[in-house]
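Protein chains in written order, with the working numbering: chain A, 9 to 292; chain B, 9 to 292.
Each remark here refers to the structure printed beneath this line.
Protein chains: 2
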Amino acid sequence: MIIKCVEQLKNIRGETASLGFVPTMGYLHEGHVSLIKKARQENDQVVVSVFVNPTQFGPNEDIETYPKNIERDQAMAVSAGADYVFYPHISTIYPEGASTYVTVEGPIANILCAKSRPDHFKGVTTVVNILLNMVQPDRVYFGQKDAQQAILIQKMARDLHMPVDVVVCPIVREYDGLALSSRNVHLTREERKQAQCLYQALQDAKNLVKSKDQKAADLVQVMKNRINHKPLVNIDYVEIREARDLSPVTVVKAHPDSHKVSLALVAAWVGKTRLIDNMFLNEE
Amino acid sequence: MIIKCVEQLKNIRGETASLGFVPTMGYLHEGHVSLIKKARQENDQVVVSVFVNPTQFGPNEDIETYPKNIERDQAMAVSAGADYVFYPHISTIYPEGASTYVTVEGPIANILCAKSRPDHFKGVTTVVNILLNMVQPDRVYFGQKDAQQAILIQKMARDLHMPVDVVVCPIVREYDGLALSSRNVHLTREERKQAQCLYQALQDAKNLVKSKDQKAADLVQVMKNRINHKPLVNIDYVEIREARDLSPVTVVKAHPDSHKVSLALVAAWVGKTRLIDNMFLNEE
């Protein structure tokens, strides 16, 4: 059932013992489906939101071409176990004159995707804060694919003592390893083919760590070499950081303790489409 | 009963049909008491917090000398109708590494007190957001004395769709009109005497508006003249603004419609103590 207004959300919250929430920008894929299924398992009722949030797009970014199909989204969400699809008008989220923002400050907010998308995460943390206040779920679900986003939202929820558990679910991939993204639909046949190098690069790094400790800089070079081999793919960043808080890493241990898991992260333009991906290099 | 941890707050929330919350920085006076009494009338349970929030003090401000007396505060709060006094350690509010902030942007955040206290309101909106997430009250109570704070918090709650009613209660004054403030305790006998000029100035403006419409600039001059007559009192600002959103006012109508109520606001140093006060000039 599609709902549009906050009163309906309040009624759902009031009547539900445990409520799971999956915020999305729509054009759902199997990655979203995995979040909804997880929410279905863990909660009595599940709300999925579909809202393409303008404040997380920069002035020259792709909000105009961001793919949309609410009928298909509704069918997929319900089929995966959603009870309600919250599909608000922009004025419901941002009433006229709204000018309050939630920002995570510090190094974590100025690295990786934040470098090429300066106000992106301010838009993300603000809209997620708003949606959490509206839905008041017990648990909210995000994908590991947007690793920096997931960590920032966990940090926001912790720092502001928000009464919600933030659950991060594994990346879902295509048959050839490409991470699912609503933006994959924009890739031409040749771009789609070359895009798998992102996964391969991450896999290269992971394989090298299996046998012995590796310098992070060496692994980054291996990954860059793999990606630079593909003429339609242009690197934005390739980095290795601590999975826990995205702090810098110099050596990736083959067998780390559980607090020192390393994460390789890539972002690249494939034609006109910006894709991101990441992989834990030394998980147990 | 004094409580220190968030688990206790969650239990209170879980067991209470309606919960009122009065956040304070302690050293309670009759202004706080009026908020607690109001909360008592409107809710099944009442939580008062006492937390001197470091992030709302500037580097050269008076956090070190801010008056403290938790035993007295507890007795006054309970006597006024509080069920619980939440008296958290600083690390409960701001765990190590916390760096998430809630800010209201726009003109309202750059005028009046924000000019002489640049990061003050960022600290206020952040700590109030945190406390509201911890306590999860149905209603939260603030005093009109801190007019800009009250409007910013109402705006934050509205913009972020926080599930709480923000209730603003009238200023409580001493016999001679001085607005109650925890900082009044710092005034010397002579400063205390001269400080009443702030109230008198506001009253001057209000009296002038009773008979006919007045230019805001003329009223400001009358108020400044009254205050400048007192050698121990140094004006920070004297302004007249719309009560609703603190937007500028040029003419104060003797008989406005309800959306155009004007508010006169003053801030001044009385010796080393900074005091603020305000008055609606043309309420029905």
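The C-beta atom is built at its ideal place from N, Cα and C for all residues, glycine as well.
Residue j and residue i - do their beta-carbons sit closer together than 8 Å?
i	j	result
A/Leu2	A/Ala187	The structure shown does not extend to residue 2 of chain A, since chain A is modelled only from 9 through 292, so no value can be given for it.
A/Ala262	A/Asp212	no
A/Tyr92	A/Ile11	yes
B/Gly34	B/Val58	yes
B/Arg125	B/Gly66	yes
B/Val136	A/Val110	no
A/Val132	A/Gln152	no
A/Ser270	A/Asn290	yes
B/Phe150	B/Ile161	yes
A/Lys163	B/Thr108	yes
A/Thr281	A/Arg181	no
A/Leu17	A/Val143	yes
B/Val324	A/His169	Since the first and last residues shown for chain B are 9 and 292, residue 324 of chain B lies out of range.
A/Val217	A/Val260	yes
A/Glu250	A/Lys223	no
B/Leu140	B/Met84	no
A/Thr167	B/Ala106	In the sequence on display, residue 167 of chain A carries Asp and not Thr. A contact, by the Cβ cut-off of 8 Å.
A/Gln53	A/Thr32	no
B/Pro62	B/Ile116	no
A/Val60	A/Ile78	no
B/Val278	B/Ile248	no
B/Val193	B/Pro75	yes
List, in chain order, every chain B residue whose beta-carbon is nearer than 7 Å to that of residue i.
i	result
A/Ser106	Looking at the sequence itself, residue 106 of chain A is Ala, so the reference to Ser does not match. Those within 7 Å of A/Ala106 in chain B are Asp167.
A/Asn19	Chain B residues near A/Asn19: none, gap ~13 Å exceeds 7 Å.
A/Asn118	In chain order: nothing, as chain B lies at least about 11 Å away.
A/Asn286	None at all; the shortest Cβ gap to chain B is about 22 Å.
A/Tyr109	Thr111, Glu113
Given that residue i touches chain B, what residues does it touch there, using C-beta distances under 9 Å?
i	result
A/Glu250	Simply none; closest approach about 13 Å.
Suppose the cutoff is 8 Å on Cβ atoms and the five residues either side in sequence are ignored; what does the same chain contact list for residue i look like?
i	result
A/Met231	Ala209, Leu210, Asp212, Ala213, Val246, Ala272, Val274
B/Cys205	Arg234, Ile235, His237, Lys238, Val241
B/His128	Gln64, Phe65, Gly66, Cys121, Ala122
A/Asn286	Gln152, Lys153, Ala155, Ile179, Leu210, Leu271, Ala272, Leu273, Val274
A/Glu198	Leu240
At 7 Å on the CB atoms, spell out the chain A contacts of residue i, in chain order.
i	result
B/Asn137	Leu168
B/Gln64	The premise fails here: B/Gln64 is roughly 16 Å from chain A at the closest Cβ pair, so nothing lies under 7 Å.
B/Val14	His169
Leaving out five residues before and five after residue i in sequence, what residues of the same chain have Cβ atoms less than 7 Å from its Cβ?
i	result
A/Ile119	Leu254
A/Ala165	Val172, Val174
A/Lys45	Ala88, Gly89
B/Asn51	Ser26, Leu27, Gly28, Asp146, Arg147
B/Pro96	Lys12, Phe59
B/Val257	Ala224, Ile248, Arg249, Glu250, Ser270
What does a CB cutoff of less than 6 Å around residue i pick up in its chain, not counting 5 residues either side in sequence?
i	result
A/Ile284	Ala275
B/Val148	Phe29, Val172, Val174
A/Pro264	Asn290
A/Pro178	Gln152
B/Met9	Tyr92
Is any heavy atom of the ligand MN found at a distance shorter than 7 Å from the C-beta of residue i?
i	result
A/Leu160	In the structure shown, the ligand MN is absent, as is every other ligand, since no ligand is present at all.
List the residues of chain A that residue i touches, going by C-beta distances under 9 Å, in chain order.
i	result
B/Val269	Residues of chain A passing the Cβ test: none, with the nearest at roughly 18 Å.
Between the stretch 163-182 of chain A and chain B, which residues of the former have CB atoms less than 8 Å from a CB of the latter, in chain order? Cβ contacts with chain B come from Lys163, Met164, Arg166, Asp167, Leu168, His169, Met170, Pro171.
Whole beta strand (DSSP E) elements within the stretch 200-270 of chain B, 3-residue minimum: Runs of the beta strand (DSSP E) inside the stretch 200-270 of chain B: 241-250.
Taking only runs of the beta strand (DSSP E) that begin and end inside the stretch 103-147 of chain A, which ones reach a length of at least 3 residues, in chain order? Along the stretch 103-147 of chain A, the beta strand (DSSP E) occurs as fully enclosed runs of 3 or more residues at 108-112, listed in sequence order.
Residues of the stretch 50-62 of chain B with a CB closer than 9 Å to any CB of chain A: list them in chain order, please. Against chain A - using a Cβ distance shorter than 9 Å - the stretch 50-62 of chain B contributes no residues.
Residues in the stretch 220-236 of chain B with C-beta within 7 Å of chain A's C-beta atoms, listed in sequence order? For the stretch 220-236 of chain B, no residue has a beta-carbon sitting nearer than 7 Å to a beta-carbon of chain A.
Using a Cβ-Cβ cut-off of less than 7 Å, give me the residues of the stretch 137-161 of chain B that come near chain A, in sequence order. Hits within the stretch, in order: Asn137, Ile138, Asn141, Met142, Gln144.
Which parts of the stretch 13-74 of chain A are runs of the beta strand (DSSP E), unbroken and 3 residues or longer, counting only runs that do not cross its ends? The stretch 13-74 of chain A contains these whole beta strand (DSSP E) runs: 27-32, 53-58.
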